[in-house]
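K.L.:
Supplied in structure tokens, the structure appears directly below.
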């Protein structure tokens with residue numbers, strides 16, 4: 023995983039350097055764009071390498087002060103979600119070169135670039151985390167950095183409210199995830215993901231529901247979608263593109279990952295996910311139809327598309343539980359395909375909205 027960590031180091035450096043050279047506005051933007059794009063390209067190559075060579079998962083562990091271990095693994099699921107992260111993020115950063123065009127706000131722009139780099143790196147780490155402490159740390163870095171990105175125009179009271187709402191939902195979801203992790207630890211006595219499949223069947227439903235709600239808050243499933251139509255219009259357009267294109271997909275990644283880790287297929291899991299996905303998809307369309315603000319419309323459109331992805335997951339889970347191979351294949355294939363599909367076209371749509 024050396025290549026992967028090299029890519030993250032380059033991305034983070036691309037966020038730190040602008041803070042040091044913010045007085046040189048154009049140079050600062052150019053340095054960030056080049057370094058973040060270069061880091062993302064290196065990470066993309068690593069993700070594609072793992073995805074195209076099944077069974078070759080890359081792993082890495084780092085003991086931390088003898089308290090816990092930071093553990094990472096890039097398997098096929100991780101690699102698939104890294105692809106939109108490392109594809110969309112450089113496009114958004116390059117777009118920002120002309121979008122962020124106020125030299126008098128050079129320091130604020132540098133801070134925006136810093137937290138943008140942290141967001142990209144933390145999303146990649148979420149996708150590769152292989153134990154509970156690593157996942158929790160990466161998840162919190164992702165949530166905190168997104169808050170500071172939304173509140174870019176902090177003088178505006180409505181933007182501060184939108185950022186606060188986003189933060190509340192992010193931390194509320196995190197509390198549910200930590201509750202799920204606590205249940206897991208109480209049964210396994212370990213923070214490793216490998217032990218999750220061994221918890222009693224009676225506890226698996228509790229863990230899944232807690233995790234589904236926690237991850238669903240980030241993804242924007244109904245009724246936890248409330249923050250999306252406030253936060254996405256409030257953020258600068260290149261940040262809205264990253265948040266809607268890839269950040270909310272980390273919620274989808276979490277649902278898929280916890281389902282895979284629990285091991286035992288359950289019809290009830292699929293039924294819950296399918297029903298929530300259907301409600302989210304339909305209401306996302308209904309709310310979008312009543313919007314005249316372009317970025318709010320796109321935010322509700324993201325809610326609808328998250329619903330479509332969740333429907334696919336629900337169908338796939340039911341297919342696995344009933345041992346219907348075709349149903350499982352087409353359900354999961356549709357969900358995975360739409361994760362990438364939506365990440366690209368929604369990024370382009372938010373960029374277009376910012377250019378209007």
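In the numbering used here, the protein residues as written are 23 to 378. C-beta atoms are modelled at their ideal positions from N, C-alpha and C, and glycine is treated no differently.
1. Does the beta carbon of residue 172 fall short of 8 angstroms from some heavy atom of the ligand GDP?
2. Quick check on residue 214: does DSSP put it in helix, strand or coil?
3. Rounded to a whole number of angstroms, what is the C-alpha to C-alpha distance between residue 36 and residue 153?
4. If you compare alpha carbons, which of 342, 256, 220 and 244 is closest to residue 3?
5. Does DSSP put residue 324 in a helix, in a strand, or in coil?
6. Which of the three DSSP states is assigned to residue 352 in this structure?
7. Skipping 5 residues on each side, what residues in its chain have a beta carbon closer than 6 angstroms to that of residue 191?
8. Under 7 angstroms Cβ to Cβ from residue 139, same chain only, skipping five residues before and after it: list those, please.
9. So, at 6 angstroms on beta carbons, what are the nonlocal neighbours of residue 198 in its own chain, with the 5 sequence-adjacent residues on each side left out?
10. Identify, in the order they occur along the chain, each residue of the same chain with its Cβ nearer than 7 angstroms to the Cβ of residue 101, setting aside the five sequence neighbours on each side.
11. Would you mind sorting residue 124 into buried or exposed? The rule is 16 or more other CB atoms within 10 Å of its CB.
12. Whose C-beta lies closer than 8 angstroms to the C-beta of residue 344 among residues of the same chain, with five residues either side of it excluded?
13. Measuring CB to CB, does residue 19 end up less than 9 angstroms from residue 65?
14. In its own chain, which residues sit with a C-beta less than 7 angstroms from the C-beta of residue 259, not counting the 5 before and 5 after it?
15. Applying the 10 Å Cβ sphere with the 16-neighbour rule, what's the burial state of residue 359?
16. For the pair the region 271 to 291 and the region 312 to 321, tell me if three or more CB-CB distances fall below 8 angstroms.
17. Do you know offhand how far residue 17's Cα is from residue 246's?
18. Considering only the beta carbon of each residue, do residue 196 and residue 165 sit closer than 9 angstroms?
19. Using the Cβ count rule (16 or more neighbours within 10 Å means buried), how would you classify residue 202?
20. Taking the alpha-carbon positions, what's the residue 254 to residue 175 distance?
21. Can you find a CB in chain C that lies within less than 9 angstroms of the CB of residue 301?
22. Answer yes if the region 135 to 150 comes into contact with the region 282 to 300, meaning at least three C-beta pairs across the two stretches below 8 angstroms, and no otherwise.
23. Taking just the CA atoms, how far does residue 205 sit from residue 251?
24. Is DSSP giving residue 261 helix, strand or coil here?
25. In terms of DSSP beta bridges, what is residue 153 paired with?
26. Residue range of the alpha helix (DSSP H) that residue 315 falls in?
P.N.:
Put simply:
1. The ligand GDP is absent from the structure shown, which contains no ligand whatsoever.
2. The three-state secondary structure of residue 214, taken from DSSP, is strand.
3. 28 angstroms
4. A question about residue 3 goes unanswered here, because the residues of the chain that appear run from 23 up to 378.
5. Reduced to three states, the DSSP call for residue 324 is helix.
6. helix
7. 239 and 249
8. Closer than 7 angstroms at Cβ, skipping near neighbours: 33, 34, 36, 37 and 58.
9. 232, 235 and 236
10. 69, 72 and 73
11. exposed
12. Closer than 8 angstroms at the Cβ level, and outside the excluded window around residue 344, lie 289.
13. It is not possible to answer for residue 19, since the shown part of the chain is limited to 23 through 378.
14. 121, 372, 373, 375 and 376
15. Per the 10 Å Cβ criterion, exposed.
16. no
17. Any question about residue 17 goes unanswered here, given that the chain covers just 23 to 378.
18. yes
19. buried
20. 13 angstroms
21. No chain C appears in the structure shown, which is made up of a single protein chain.
22. no
23. If you take the alpha carbons of residue 251 and residue 205, they lie about 33 angstroms apart.
24. helix
25. 214
26. Residue 315 -> no alpha helix (DSSP H), and no H or E assigned at all.
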